[in-house]
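With full-length UniProt numbering as the guide, the letters of the sequence shown map in order to residues 1 to 271. Built from N, CA and C at the ideal position, the CB exists for glycine as well. What follows is a single structure, written as C-alpha cells, with notes after it.
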Amino acid sequence: MAALNWTMLGAGRPVPLPSEKWLWTSSPNSIAASLFPHPPGSPLNVQPKKGEELRASRGTLYVSQKRVVYVAEGASSDRGGVDQAGPSSRAAEATGSLASGQASIAPGGLPQEAAKKVPLQSLSVPLRFFVDGRFVQPWFSATYYEALCMEGDKSGGLELPHLVRFYFKESGGYDFWTTVEEVKSRAELTTRRGGPPVEPLPLYSPPPSTSASSAVPNHPTQPSDPDLLAAQVAQDAEDAEEAQMEARCETGGDRPPPVPAPDEAPPAYQA
Numbered sequence: 001m002a003a004l005n006w007t008m009l010g011a012g013r014p015v016p017l018p019s020e021k022w023l024w025t026s027s028p029n030s031i032a033a034s035l036f037p038h039p040p041g042s043p044l045n046v047q048p049k050k051g052e053e054l055r056a057s058r059g060t061l062y063v064s065q066k067r068v069v070y071v072a073e074g075a076s077s078d079r080g081g082v083d084q085a086g087p088s089s090r091a092a093e094a095t096g097s098l099a100s101g102q103a104s105i106a107p108g109g110l111p112q113e114a115a116k117k118v119p120l121q122s123l124s125v126p127l128r129f130f131v132d133g134r135f136v137q138p139w140f141s142a143t144y145y146e147a148l149c150m151e152g153d154k155s156g157g158l159e160l161p162h163l164v165r166f167y168f169k170e171s172g173g174y175d176f177w178t179t180v181e182e183v184k185s186r187a188e189l190t191t192r193r194g195g196p197p198v199e200p201l202p203l204y205s206p207p208p209s210t211s212a213s214s215a216v217p218n219h220p221t222q223p224s225d226p227d228l229l230a231a232q233v234a235q236d237a238e239d240a241e242e243a244q245m246e247a248r249c250e251t252g253g254d255r256p257p258p259v260p261a262p263d264e265a266p267p268a269y270q271a
C-alpha cells in the first residue's frame with residue numbers, strides 16, 4: 001500500500017528492506033513531486049483542488065525490485081519520516097510484512113490525519129500499488145511521470161487513490177519510466193511462472209480392463225454371400241466378353257472388307 005510520510009530513513013536515505021536492492025536512483029534533490037486525491041473514474045489529466053495538493057520542490061527518487069520511494073530534501077524523523085534508530089524502526093523490523101514491500105509503514109509513524117497536515121516528506125509505494133503510469137513530455141515545461149498510488153488497506157496515510165507526479169528538472173525521466181516498467185514486467189512474469197496453472201490438467205484414469213475374447217475385433221474376415229454372388233456374375237460376364245472377342249479374331253470378323261480395285265484408269269493415264 002502507499003505510505004505517506006512513513007518511510008524509514010537513515011541519513012536522509014530510505015532504509016532498504018530485507019533482500020531489497022536499489023536499481024535506479026535519481027540525481028540528489030533533482031525531482032519535484034505533487035500528490036493529490038484522484039477519485040475512481042477521474043481522468044488522469046485532472047487538476048488538484050485547492051488545499052488538497054501536497055508538494056515538494058526538491059527530492060530524490062529511488063526504484064527497487066519492490067517499490068518506488070521519494071524522499072524530499074531535508075526529510076527527517078521529526079518531520080514526517082521514521083528514523084532508523086528510533087523505537088518505531090525496531091517495531092517495523094518485527095512486522096511480518098517486511099518481505100512484501102510494506103515495511104515502510106512503521107507502526108509508530110504518523111497517524112493518517114497528521115500525515116496529511118505536514119508537507120510531503122516521503123512517499124513509499126509498492127510496485128503492485130503503483131499503476132497506470134505514463135511518461136509525459138510537454139513542449140514548454142519540464143517532463144514528468146505520473147501514476148496512481150492505490151491506498152490498499154488505508155493504513156499508510158491515504159484514504160483514497162492518489163495521483164503522484166514526479167517532475168524531472170534534469171534528465172532521467174525516461175530512465176525512471178523504463179526501469180519501473182521493466183521491473184513490473186519481470187515481477188509479473190515471475191508470478192506467472194511460479195503460480196498455479198490457469199486451468200488444471202484432468203486427472204489420469206487408466207482404461208478399463210478387457211478380456212482376451214472381447215479384445216478380438218468383431219469385424220467379418222470373409223465377404224458376405226451377396227458380395228460373392230455379385231462378384232461371380234461380374235466374372236462370368238467378363239469371361240463371356242473375352243470369348244466373343246477371341247471368336248471374332250479367329251473368323252476374321254473384325255477385319256475390314258477389302259477395297260475393290262478401280263475399273264477405270266485415273267485421268268491423264270497413258271498405258
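Taking the beta carbon of residue i as the centre, do at least 16 other beta carbons fall within 10 Å, making it buried, or is it exposed?
i, result
"T95", "Below a pLDDT of 50, predicted positions are generally treated as unreliable, and T95, at 34, falls in that range; the measurement from the model is reported next regardless. That one is exposed."
"G59", "buried"
"N45", "exposed"
"W139", "exposed"
"M150", "buried"
"M1", "buried"
"Q121", "buried"
"V164", "buried"
"G172", "buried"
"A174", "What sits at residue 174 in the sequence shown is Tyr, not Ala. Per the 10 Å Cβ criterion, exposed."
"A240", "exposed"
"A32", "buried"
Less than 6 Å between C-beta atoms, sequence neighbours within five positions excluded: which residues of the same chain meet that for residue i?
i, result
"A187", "none"
"K184", "L127"
"P48", "F36"
"S42", "none"
"F130", "V68 and A147"
"L54", "L35 and L120"
"E20", "S64 and K66"
Whole angstroms are fine: how far does the CA of residue j sit from the CA of residue i?
i, j, result
"D132", "P207", "52 Å"
"L160", "A11", "31 Å"
"H38", "A147", "10 Å"
"L229", "M245", "25 Å"
"D227", "A237", "16 Å"
"G51", "Y144", "22 Å"
"F176", "E182", "10 Å"
"A231", "Q222", "13 Å"
"R134", "P40", "18 Å"
"D225", "S209", "36 Å"
Return the residue from the list the options that minimises the CA-CA distance to residue i.
i, options, result
"M8", "S42, P48 and Y70", "Y70"
"W6", "A240, L54, L163 and G156", "G156"
"V180", "A230, V68 and A234", "V68"
"S124", "A234, E250, P40 and H162", "H162"
"R13", "S76, P40, E52 and G41", "S76"
"K169", "E242, A56 and P40", "A56"
With a CB to CB cut of under 8 Å and the five nearest residues on each side skipped, what residues in its chain are close to residue i?
i, result
"P16", "W22 and S64"
"V136", "T143, Y144, Y145 and E146"
"Y167", "I31, A32, A33, S34, A142, T143 and Y144"
"A243", "none"
Can you list, in chain order, the residues of its chain with a C-beta nearer than 7 Å to that of residue i? Leave out the 5 residues immediately preceding and following it.
i, result
"N29", "R58, G59, T60 and E73"
"L4", "A115, L123, G156, G157 and L158"
"A234", "none"
Flag this pair as touching only if the stretch 14 to 32 and the stretch 56 to 75 have three or more C-beta atom pairs under 8 Å; answer yes or no.
Verdict: yes, contact present.
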